[in-house]
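Engineer:
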Amino acid sequence: MRYVMGLDIGTSGCRAIVFAEDGTPLGSAAREYPVDIPQPMWAEQDAEAVWQHAQDAMREAITAARIDRIAAIGLSVQGEAVIPVDDQGNALRPAILGMDTRTEEQNRWLAATFGAEYLFERTGMPIHTINTLPKLLWLKQYAPEIWSRAHRFLLYEDFLIHKMCGRAAISRCLASRTQLYDLLDDCWSPHILTTIGLDAQRLATVQPSGVAAGEMYPALATQLGLARPPLVVTGGHDQACGALGAGLIRPGLAMVSTGTAEVVEIAMPAPQLNEVLRKGNISVYAHVVPGLYLAMVLNHSGGLVLRWYRDTFCEGEIQRAQVSGRSAYDLILANASPEPSQLLFLPHLSGSGTPWLDIASKGAVLGLTFGTTRRDVAKAILEGLTFELRINLDLLREGGVVIDELRAIGGGARSELWLQLKADILGVPVVRPAVTEAACLGAALLAGVGAGVYADAAQAVAQVLHLTRTYQPDPERAARYERLYALYRAVYPAVAPISHQL
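Numbering of the sequence shown is given in this note's numbering, commencing with residue 1344 and proceeding in unit increments.
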């Protein structure tokens, strides 16, 4: 039996899991770390501290697995964060995270210099503060000493790979999340780099996901409790690794990950870089599976809306959950009707996600009467979140993207009511895989590909992934939801001019 590890580096914490080659998790450990907000609109992080926490998590997971040998380690990481480093790979300043929004000025310059159309048609990234490119421009303008001193500008994947084996290697998947990578020519964009005055040598070497970057330093392997150094393998963006963990290995498959936010990834055979997707603010980038690309849509609130509802209106369910050991969410949704709620809930409690990306949008609920119950509102929240996904999936289809099945992971996948609702509203089968930590699993599968444990990603998924249940659209309920969906599409355009003034 051979063993592999997936290391997932999130925004607020990391997790390491050791898997047997059949996909059985043997040992797991997690660590939390803070996001620093030194001033409004900024979001930074001590990358060296993240590395220390990652080592602790890996060591604890290996100890819990009771093994002393693993074939390889693969990485799943938060996207877009930029870390200037010296020639030894040490961070020169805190990482600027994807959620940082200080770069509106730089984005205006990018729009004027390149044009939004050019940037999307070449890099797949709409102009947005999340991207790495405007963060680099901010460093050049406002931290010129760091810009000059930096040997390289890395993201978390290449930063940690360098820490583990001394080579700055980044997956094609993560590189294509930066707005610096030309998807059509398959390289760092010479035009963009020349225009901003950045040499490609100051970025990491790009290689496919699932390829070994090197062998771990022997001293580090010993420190982690390993008898011999494992291979360190490129993984990718956390959502892409999660998509692999959910089995997205062919075009037409999609994944919905419902946690604090709700993200949908759709696998495509080629990058769809058309005006429909650009205007919908839909990002397109390389999948961790060779020959496939992903389109990503998101709702910033997602499960956070349900948490707000629970904490604000459901004290009784919270107390009963503490006594019974059940989830408060299960109790809230236990008596919800499978029928449409007859309410329209706009879940923009922290602004909207795609396609509008309107940070000033506010939430709204329409249709309240004296007969409305709390369970009606809870059901309407699920419907509103799913209508948001439907708007995005309709845009993708208009842009030529095929979607024939949805794999559901994350906390929201535990609710059978919500999964059936997704099938009814979205009009596609919704499948629940037997996986709890899809990003770690995807990174581990890529590690296995890099070490020869699996022939390729498809063989890895076939060997380890099990699907537990499929939810088919109910034709009668789907028809009733079509009427509500037509009304829902009119809500945001109608209320946005009002909510912008609140």
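C-beta atoms are modelled at their ideal positions from N, C-alpha and C, and glycine is treated no differently.
What you are looking at is a predicted structure, and each value in this text was computed from that prediction instead of being measured.
1. Enumerated in chain order, which unbroken segments of the beta strand (DSSP E) with a length of 3 residues or greater are wholly contained in the stretch 1708 to 1747?
2. Relative to the C-alpha of Val1599, which candidate in Ala1822, Arg1775, Ala1703, Gly1694 has its C-alpha closest?
3. By the DSSP assignment, the beta strand (DSSP E) with Val1606 in it spans what residues?
4. With distances taken Cα to Cα, identify the nearest neighbour of Met1611 among Gln1662, Ala1638, Gly1585, Gly1770.
5. Given a cut-off of 9 Å on the beta-carbon distance, is the pair Gly1755 and Gly1588 in contact?
6. Can you round the beta-carbon distance between Leu1620 and Glu1608 to whole angstroms, since I take them to be within the 8 Å contact cut?
7. Does any heavy atom of the ligand COA sit closer than 8 Å to the C-beta of Ala1671?
8. Is the beta carbon of Gly1349 less than 9 Å from the beta carbon of Ala1555?
9. Residues in its own chain within less than 6 Å of Ala1415 by CB, not counting five upstream and five downstream?
10. Could you check where the alpha helix (DSSP H) with Pro1533 kicks off and where it finishes?
11. Please look up how many angstroms separate the CB atoms of Tyr1499 and Ala1424, rounded, as I've assumed it's under 8 Å.
12. Which residue from Gly1785, Arg1436, Met1507, Ala1390 puts its Cα closest to that of Pro1487?
13. CB-CB under 7 Å to Gly1467, same chain, minus the five flanking residues each way: which ones, in chain order?
14. For Thr1406 and Ile1535, what's the separation of their Cα atoms in angstroms?
15. Report the CB separation of His1630 from Cys1516 in whole angstroms; it is logged as a contact under 8 Å.
16. Report the residue ranges of all alpha helix (DSSP H) runs contained in full by the stretch 1375 to 1437; include only those spanning at least 4 residues, in chain order.
17. What first and last residue would you give for the beta strand (DSSP E) that runs through Gly1694?
18. Over the uninterrupted alpha helix (DSSP H) stretch that includes Glu1658, give me the two end residues.
19. Taking the alpha-carbon positions, what's the Leu1732 to Ala1604 distance?
20. Can you say whether His1643 is buried or exposed, counting buried as having 16 or more other CB atoms within 10 angstroms of its CB?
21. Relative to the C-alpha of Thr1697, which residue among Gly1634, Asn1624, Ile1661, His1494 is closest?
22. Return the CA-CA distance between Leu1596 and Phe1713, expressed in angstroms with no decimal places.
23. Tell me Tyr1628's beta-bridge partners as DSSP assigns them.
24. Given Met1507, which residues of its chain have a CB within under 6 Å of its CB, disregarding the five upstream and five downstream residues?
25. Assign Thr1367 to buried or exposed, taking buried as 16 or more other Cβ atoms, counted over all protein chains shown, within 10 Å of its Cβ.
26. Within 10 angstroms of the Cβ of Gly1753, are there 16 or more other Cβ atoms? Answer buried if so, exposed if not.
27. Return the chain-ordered list of same chain residues with a C-beta closer than 7 Å to the C-beta of Glu1403, the five sequence neighbours on each side being excluded.
28. If you drop the 5 nearest sequence neighbours on each side, which residues of the same chain put their C-beta closer than 7 Å to that of Leu1482?
29. Just to check my reading of the structure: Pro1690 and Gly1727 have Cβ atoms closer than 8 Å, yes? What is that Cβ distance to the nearest angstrom?
30. Please check the pair Leu1569 and Arg1826, which I expect to be a contact at CB under 8 Å, by giving their CB distance rounded to whole angstroms.
31. Would you please state the rounded distance, in angstroms, between the beta carbons of Pro1594 and Val1745? I believe it to be under 8 Å.
32. Which residues does DSSP list as the beta-bridge partners of His1580?
33. Between which two residues does the alpha helix (DSSP H) containing Asp1351 stretch?
34. Give every residue of the same chain whose Cβ lies closer than 6 Å to the Cβ of Pro1681, excluding the five residues on either side of it in the sequence, and list them in chain order.
35. Between which residues of its own chain and Ala1363 is the CB-CB distance below 7 Å, once the five residues before and five after are set aside?
36. Name the residue from Gln1802, Glu1741, Arg1820 whose alpha carbon lies nearest to the alpha carbon of Leu1764.
Structural biologist: Looking at the atomic coordinates:
1. Runs of beta strand (DSSP E) with 3 or more residues, each lying fully within the stretch 1708 to 1747, are absent.
2. The sequence position of residue 1599 within the sequence shown is 256, counting from 1. For the options Ala1822, Arg1775, Ala1703, Gly1694, the alpha carbon positioned closest to that of Val1599 is the one of Arg1775.
3. Taking the first residue of the sequence shown as position 1, residue 1606 is located at position 263. Residues 1605 to 1611.
4. For the purposes of this step, residue 1611 is taken as residue 268 along the sequence shown, with counting starting at 1. Per the Cα distances, Ala1638.
5. In the sequence shown, the residue the question calls residue 1755 occupies position 412. In the sequence shown, the residue the question calls residue 1588 occupies position 245. No, Cβ-Cβ distance for Gly1755 and Gly1588 is not below 9 Å.
6. On the sequence shown, residue 1620 is found 277 positions in, with the first residue counted as 1. On the sequence shown, residue 1608 is found 265 positions in, with the first residue counted as 1. Your pair Leu1620 and Glu1608 does not check out as a contact, with CB atoms roughly 14 Å apart and the cut at 8 Å.
7. With respect to the ligand COA, the structure shown offers nothing to examine, as it has no ligands at all.
8. Here residue 1349 corresponds to residue number 6 of the sequence shown, with the count starting at 1. Here residue 1555 corresponds to residue number 212 of the sequence shown, with the count starting at 1. With contacts defined as CB atoms closer than 9 Å, Gly1349 and Ala1555 fail to qualify as a contacting pair.
9. For the purposes of this step, residue 1415 is taken as the residue at position 72 of the sequence shown. The residues are Val1347, Pro1573, Leu1574, Val1576, Ala1790, Gly1793, Ala1794.
10. The sequence position of residue 1533 within the sequence shown is 190, counting from 1. Membership of Pro1533 in the alpha helix (DSSP H) is indicated by the continuous run 1533 to 1539.
11. By 1-based counting over the sequence shown, the position of residue 1499 is 156. By 1-based counting over the sequence shown, the position of residue 1424 is 81. About 6 Å separates the two Cβ atoms, so the contact holds.
12. Position 144 of the sequence shown, counted from the start, is the residue given in the question as residue 1487. Residue Arg1436 is the option with its Cα nearest to Pro1487.
13. Reading the sequence shown from its first residue, position 124 is the one you call residue 1467. Ser1519, Leu1526, Pro1614, Leu1616, Ser1626, Val1627, Tyr1628, listed in sequence order.
14. As a first step, residue 1406 is located in the sequence shown; it is residue number 63 there, counting from the start. As a first step, residue 1535 is located in the sequence shown; it is residue number 192 there, counting from the start. Straight-line measurement puts the Cα of Ile1535 at about 46 Å from the Cα of Thr1406.
15. On the sequence shown, position 287 is the one that residue 1630 refers to. On the sequence shown, position 173 is the one that residue 1516 refers to. So it is a contact: roughly 6 Å between Cβ atoms.
16. 1390 to 1408
17. Position 351 of the sequence shown holds residue 1694. It is not in any beta strand (DSSP E) - Gly1694 carries neither H nor E in the DSSP assignment.
18. Here residue 1658 refers to the residue found at position 315 when the sequence shown is read from its first residue. 1658 to 1667 is the span of the alpha helix (DSSP H), which, as asked, contains Glu1658.
19. As a first step, residue 1732 must be located in the sequence shown, where it is residue number 389. As a first step, residue 1604 must be located in the sequence shown, where it is residue number 261. Rounded to whole angstroms, Leu1732 to Ala1604 spans 12 Å at the Cα level.
20. Position 300 of the sequence shown, counting from 1, holds the residue named residue 1643. Buried: at least 16 other Cβ atoms inside 10 Å.
21. Here residue 1697 is taken as the residue at index 354 of the sequence shown, counted from 1. Selected option, being the one with the closest Cα: Asn1624.
22. Reading the sequence shown from its first residue, position 253 is the one you call residue 1596. Reading the sequence shown from its first residue, position 370 is the one you call residue 1713. Rounded to whole angstroms, Leu1596 to Phe1713 spans 43 Å at the Cα level.
23. Start at 1 with the first residue of the sequence shown, and residue 1628 comes out as number 285. The partner list for Tyr1628 (beta bridge, DSSP) reads Leu1637.
24. Sequence index remark: in the sequence shown, residue 1507 carries index 164 (1-based). Counting only Cβ-Cβ distances below 6 Å, and skipping sequence neighbours, we find Met1559, Val1575.
25. Here residue 1367 refers to the residue found at position 24 when the sequence shown is read from its first residue. Burial call: exposed.
26. Stepping through the sequence shown from its first residue, residue 1753 is reached at position 410. The residue in question, Gly1753, is buried, as its Cβ has 16 or more Cβ neighbours within 10 Å.
27. Looking up residue 1403 in the sequence shown gives position 60. If we look at Glu1403 and ignore the five residues flanking it on each side, its Cβ neighbours are Ala1372.
28. In the sequence shown, the residue the question calls residue 1482 occupies position 139. Excluding residues within five positions, the ones whose Cβ falls inside 7 Å are Pro1427, Ile1489, Trp1490.
29. Position 347 of the sequence shown holds residue 1690. Position 384 of the sequence shown holds residue 1727. Yes, Pro1690 and Gly1727 are in contact; Cβ-Cβ is about 5 Å, under 8 Å.
30. Along the sequence shown, read from residue 1 onward, the residue named residue 1569 stands at position 226. Along the sequence shown, read from residue 1 onward, the residue named residue 1826 stands at position 483. Not really, about 59 Å apart at Cβ, beyond 8 Å.
31. What you label residue 1594 is simply residue 251 of the sequence shown in a count that begins at 1. What you label residue 1745 is simply residue 402 of the sequence shown in a count that begins at 1. The Cβ separation is near 6 Å, so the contact holds.
32. Within the sequence shown, numbered from 1, the residue matching residue 1580 stands at position 237. Partner(s): Val1420.
33. Against the sequence shown, residue 1351 aligns to sequence position 8. DSSP places Asp1351 in no alpha helix (DSSP H) but in the uninterrupted beta strand (DSSP E) bounded by 1346 to 1352.
34. The sequence position of residue 1681 within the sequence shown is 338, counting from 1. Within the same chain, Pro1681 has no close Cβ partners at all.
35. Locating residue 1363 in the sequence shown gives position 20, counting from the first residue. Met1344, Tyr1346, Leu1369.
36. Walking along the sequence shown from the start, residue 1764 turns up at place 421. Checked all of Gln1802, Glu1741, Arg1820; the closest Cα to Leu1764 is Arg1820.
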